[in-house]
Amino acid sequence: MFPVAGLGTRFLPATKAIPKELLPIVDRPLIQYAVDEAREAGIEQMIFVTGRGKTAIVEHFDTAFELETTMRERGKSLDILEPTRFPPGDIITVRQQVPLGLGHAIWCARAIVGDEPFAILLPDELMVGEPGCMKQMVAAYEEVGGNLISVLEVPREEVSSYGVIDPGEERGTLTEVRGLVEKPPINEAPSNKIVSGRYILQPEVMRTLEDQEKGAGGEIQLTDAMARMIGGQPFHAVTFAGRRFDCGSKTGFVEATLALALEREDMGEEVRAIAKRLLG
Ligand code: G1P
20 MFPVAGLGTR FLPATKAIPK ELLPIVDRPL IQYAVDEARE AGIEQMIFVT GRGKTAIVEH
80 FDTAFELETT MRERGKSLDI LEPTRFPPGD IITVRQQVPL GLGHAIWCAR AIVGDEPFAI
140 LLPDELMVGE PGCMKQMVAA YEEVGGNLIS VLEVPREEVS SYGVIDPGEE RGTLTEVRGL
200 VEKPPINEAP SNKIVSGRYI LQPEVMRTLE DQEKGAGGEI QLTDAMARMI GGQPFHAVTF
260 AGRRFDCGSK TGFVEATLAL ALEREDMGEE VRAIAKRLLG
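Residue numbers (this note's numbering): 20 to 299.
Below, the structure written as structure tokens:
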């Protein structure tokens with residue numbers, strides 16, 4: 020599940036008519052990285068929780084008849100479009116009519132989720148690793164089951180922008196989650212391990228969200244609902260082995276663009292030369 024209903028105000032005016040999830044890192048839209056990560060992990064059905072003005076995201080994963088016909092007629096390869104293709108029925112959308120928070124967005128998809136565990140990926144968080152973050156989590160899930168979130172450590176002064184875990188026992192990359200708090204003041208944060216936008220949750224979270232009261236920022240928070248599930252079901256955090264770019268911020272977005280461009284075989288060298296020149 021990809022919550023993509025956000026207004027993307029931080030990237031205005033770029034996001035006035037274009038969903039922020041379609042802003043490209045080099046030549047792949049942000050949402051494509053998250054969808055590829057989910058597919059790599061063996062996930063087949065993609066649920067988008069959208070809102071007004073987000074239709075282009077669904078178009079991106081549809082057949083583009085005119086484009087494809089024209090490309091074929093011109094003898095061009097369609098391979099580049101392969102990651103945007105899905106079997107009929109595997110792209111599912113539901114609307115969040117009013118932006119009441121991440122928890123509410125997830126709850127909007129309760130009828131689709133039904134009685135199965137499901138994964139959530141926040142496309143703002145670009146996770147680069149081999150294997151990808153969700154694949155690492157699925158491997159951990161096969162071992163411990165229950166509820167799983169990915170975490171990473173940030174400098175203490177940044178914790179107030181995130182969900183933070185109260186860590187228990189550690190075993191390899193797995194940490195037991197004893198508590199969770201959304202956007203705590205620095206001095207009240209139980210650790211500097213933050214929730215980094217990847218979740219594998221049991222369907223019971225939908226029932227917990229049903230009566231979840233508003234939390235940080237006056238929004239219905241997923242973190243608060245998850246916190247209430249601790250104790251009832253196993254709850255672990257996986258420390259992601261890889262790199263993370265916060266593409267919800269402009270500098271994080273630029274960092275991701277530069278980092279991924281530098282690694283590209285088709286342009287890395289050229290970009291490196293340009294960067295050197297710009298830096299003097
Ligand atoms: C959301 C979650 C938060 C998490 C963060 C990761 O916050 O509520 O727990 O740490 O994503 O990016 P948001 O960025 O929507 O404020």
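Glycine included, every Cβ here is placed at the ideal spot set by N, Cα and C.
Treat the numbers as computed from the prediction; the structure is a model and nothing was measured.
Determine the direct distance from the alpha carbon of GLU195 to that of VAL290, and round the result to whole angstroms. Taking the first residue of the sequence shown as position 1, residue 290 is located at position 271. Taking the first residue of the sequence shown as position 1, residue 195 is located at position 176. So the alpha carbons of these two residues sit roughly 42 Å apart.
Where does ILE293 land, buried or exposed, given buried means 16+ other C-beta within 10 angstroms? Here residue 293 refers to the residue found at position 274 when the sequence shown is read from its first residue. So ILE293 ends up on the exposed side.
Pick out the complete beta strand (DSSP E) segments inside the stretch 248-275, 3 residues or longer, and give them in chain order. 254-258, 262-265
Secondary structure at LEU86, three-state DSSP: helix, strand or coil? As a first step, residue 86 must be located in the sequence shown, where it is residue number 67. If DSSP states are grouped into helix, strand and coil, LEU86 belongs with the helices.
Which of the three DSSP states, helix, strand or coil, is assigned to LYS212? As a first step, residue 212 is located in the sequence shown; it is residue number 193 there, counting from the start. Strand at LYS212.
Candidates LEU119, GLY120, THR82, LEU141: which alpha carbon is nearest GLU40's? As a position in the sequence shown, residue 40 is number 21, starting the count at 1. With distances taken between Cα atoms, GLU40 lies closest to LEU141.
Residues that DSSP places opposite ASN166 in a beta bridge: Position 147 of the sequence shown, counting from 1, holds the residue named residue 166. Per DSSP, PHE254.
Taking one C-beta from the stretch 161-171 and one from the stretch 212-223 each time, how about it: are there three or more such pairs within less than 8 Å? yes
Are the CB atoms of ASP243 and GLY236 within a distance shorter than 8 Å? As a first step, residue 236 is located in the sequence shown; it is residue number 217 there, counting from the start. As a first step, residue 243 is located in the sequence shown; it is residue number 224 there, counting from the start. Taking 8 Å as the Cβ cut-off, GLY236 and ASP243 do not qualify as a contacting pair.
Inspect the beta-carbon positions of ALA128 and MET20 and report whether they are closer than 8 Å. Position 109 of the sequence shown holds residue 128. Position 1 of the sequence shown holds residue 20. Yes. Within cutoff.
Does the beta-carbon distance from ILE125 to ILE139 come in below 8 Å? The residue given as residue 125 occupies position 106 in the sequence shown. The residue given as residue 139 occupies position 120 in the sequence shown. In this structure, ILE139 lies closer than 8 Å to ILE125 by Cβ.
State the start and end residues of the unbroken beta strand (DSSP E) segment that holds MET20. Position 1 of the sequence shown holds residue 20. Run containing MET20: none; DSSP gives neither H nor E here.
What residue range does the beta strand (DSSP E) around LEU145 cover? As a position in the sequence shown, residue 145 is number 126, starting the count at 1. Start and end: 144-147.
Where ASP143 and TYR52 are concerned, what is the direct C-alpha to C-alpha distance, given to the nearest angstrom? As a working mapping, residue 143 is identified with position 124 in the sequence shown. As a working mapping, residue 52 is identified with position 33 in the sequence shown. C-alpha separation (whole angstroms): 10 Å.
Backbone secondary structure at PHE30 - three-state DSSP: What you label residue 30 is simply residue 11 of the sequence shown in a count that begins at 1. Helix, per DSSP.
Where PHE259 falls, given that 16 or more other Cβ within 10 Å makes a residue buried: On the sequence shown, position 240 is the one that residue 259 refers to. Buried is the call here.
Run the proximity test for THR242: is its beta-carbon closer than 7 Å to any non-hydrogen atom belonging to ligand 1? In the sequence shown, the residue the question calls residue 242 occupies position 223. THR242 Cβ: within cutoff of ligand 1.
Determine the direct distance from the alpha carbon of VAL68 to that of ASP134, and round the result to whole angstroms. In the sequence shown, counting from the first residue as 1, residue 134 sits at position 115. In the sequence shown, counting from the first residue as 1, residue 68 sits at position 49. Each residue's alpha carbon lies about 18 Å from the other.
Any idea what DSSP makes of VAL132, helix, strand or coil? The residue given as residue 132 occupies position 113 in the sequence shown. Here VAL132 sits in helix by DSSP.
Report yes if the CB atom of LEU49 is closer than 8 Å to the CB atom of PHE30, and no otherwise. Numbered from 1 along the sequence shown, position 30 holds the residue referred to as residue 49. Numbered from 1 along the sequence shown, position 11 holds the residue referred to as residue 30. No, these two residues do not count as a Cβ contact at 8 Å.
Measuring only from the beta carbon, is ILE213 closer than 7 Å to any heavy atom that is part of ligand 1? Translated into positions along the sequence shown, residue 213 becomes position 194. For ligand 1, at least one heavy atom lies less than 7 Å from the Cβ of ILE213.
According to DSSP, residues forming a beta bridge with PHE80: Residue 80 sits at position 61 when you count from the first residue of the sequence shown. According to DSSP, PHE80 bridges with nothing at all.
Under the rule that 16 or more other beta-carbon atoms within 10 Å means buried, what is PRO38, buried or exposed? Walking along the sequence shown from the start, residue 38 turns up at place 19. Result: buried.
Under the criterion of a Cβ to heavy atom distance below 7 Å, does GLU92 qualify as lining ligand 1? Here residue 92 refers to the residue found at position 73 when the sequence shown is read from its first residue. No, Cβ of GLU92 sits at least 7 Å from all heavy atoms of ligand 1.
Cα separation between GLN252 and LEU121? Along the sequence shown, one-based indexing puts residue 252 at 233. Along the sequence shown, one-based indexing puts residue 121 at 102. Near 21 Å, if we compare the C-alpha coordinates of LEU121 and GLN252.
Between LEU121 and ligand 1, is there a pair consisting of the residue's CB and a ligand heavy atom that are separated by less than 7 Å? Position 102 of the sequence shown, counted from the start, is the residue given in the question as residue 121. Result yes, Cβ under 7 Å from ligand 1.
Rounded to whole angstroms, what is the Cα-Cα separation between TYR218 and GLY299? If you number the sequence shown from 1, residue 218 lands on position 199. If you number the sequence shown from 1, residue 299 lands on position 280. Computed Cα separation, rounded: 43 Å.
Residue interval of the alpha helix (DSSP H) (run including GLU288): Taking the sequence shown and counting its residues from 1, one reaches residue 288 at position 269. Segment 287-298, the alpha helix (DSSP H) holding GLU288.
Contacts around THR34, its chain only, beta-carbon distance under 7 Å, and the 5 residues preceding and following it disregarded: The residue given as residue 34 occupies position 15 in the sequence shown. If we look at THR34 and ignore the five residues flanking it on each side, its Cβ neighbours are GLY27.
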